[in-house]
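Participant: Okay, here's the structure, questions in a sec.
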Amino acid sequence: MHLEKSGYIKLDRHWNQNDTINMNLEMPIERIYAHPNIIQDLGRIALQKGPIVYCLEEPDNGSFIEGIRIPHDSKLKSEFRADFLGGVNIIKGTGVRYQHEDWQESLYSNRSAEYKEIEFVAIPYYTWANRIAGEMAVWILEN
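Residue numbering for the sequence shown follows our numbering, starting at 228 and increasing by one per position.
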């Protein structure tokens, strides 16, 4: 096996029918930030593992996904979920959710925001909308 300057790996051998190649590629979970000129995404992150972008969806995280924040130091872990669409890797982590239940019909309040610690689940973007109709977000607020 030879790594080319281009970054490609060259496998130089005689190939036989049914030969296989097994590769293990490290794909850490990354926090992706948008350019500051994309005002709608200021203070938000997207989660990515390898080439796959992830999202938060209502079936896993409940409604009011816009109220979820992921702390900058939140430990993120990948987990294989065999029961979801034939098997996919999900991302789990600890976040906080804005508590808005006490607002009732008020538009404004002099109380500061209250947050509750939660466990969130992010699924590959390509898998969303395969269960129930509901909320979804790729860009999540970061603390």
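The C-beta atom is built at its ideal place from N, Cα and C for all residues, glycine as well.
The alpha helix (DSSP H) that contains Asn249, what's its start and end?
Facilitator: Neither: Asn249 is in no alpha helix (DSSP H) and is coded neither H nor E.
Participant: Could you check what DSSP says for Ile256 in three-state terms: helix, strand or coil?
Facilitator: Correct three-state label for Ile256: strand.
Participant: Within 10 angstroms of the Cβ of Phe307, are there 16 or more other Cβ atoms? Answer buried if so, exposed if not.
Facilitator: Exposed: under 16 other Cβ atoms inside 10 Å.
Participant: Are there 16 or more other CB atoms within 10 angstroms of the CB of Asp287, so buried, or fewer, so exposed?
Facilitator: By the 10 Å Cβ count, Asp287 comes out buried.
Participant: Please state if the CB of Glu284 and the CB of Ala356 are separated by a distance shorter than 9 Å.
Facilitator: Yes, Cβ-Cβ distance for Ala356 and Glu284 is below 9 Å.
Participant: What distance in whole Å lies between the Cβ atoms of Ile292 and Ala364, which are believed to be in contact at a cut-off of 8 Å?
Facilitator: About 5 Å; that satisfies the 8 Å criterion.
Participant: How is Tyr281 classed by DSSP in three states: helix, strand or coil?
Facilitator: Tyr281 falls in the strand class under three-state DSSP.
Participant: Measuring straight from C-alpha to C-alpha, what distance separates Asn337 and Lys343?
Facilitator: Asn337 and Lys343: Cα-Cα distance of roughly 19 Å.
Participant: Mind listing, in chain order, the continuous beta strand (DSSP E) runs of no fewer than 3 residues lying wholly within the segment 328 to 361?
Facilitator: Complete beta strand (DSSP E) runs here, min 3: 342 to 351.
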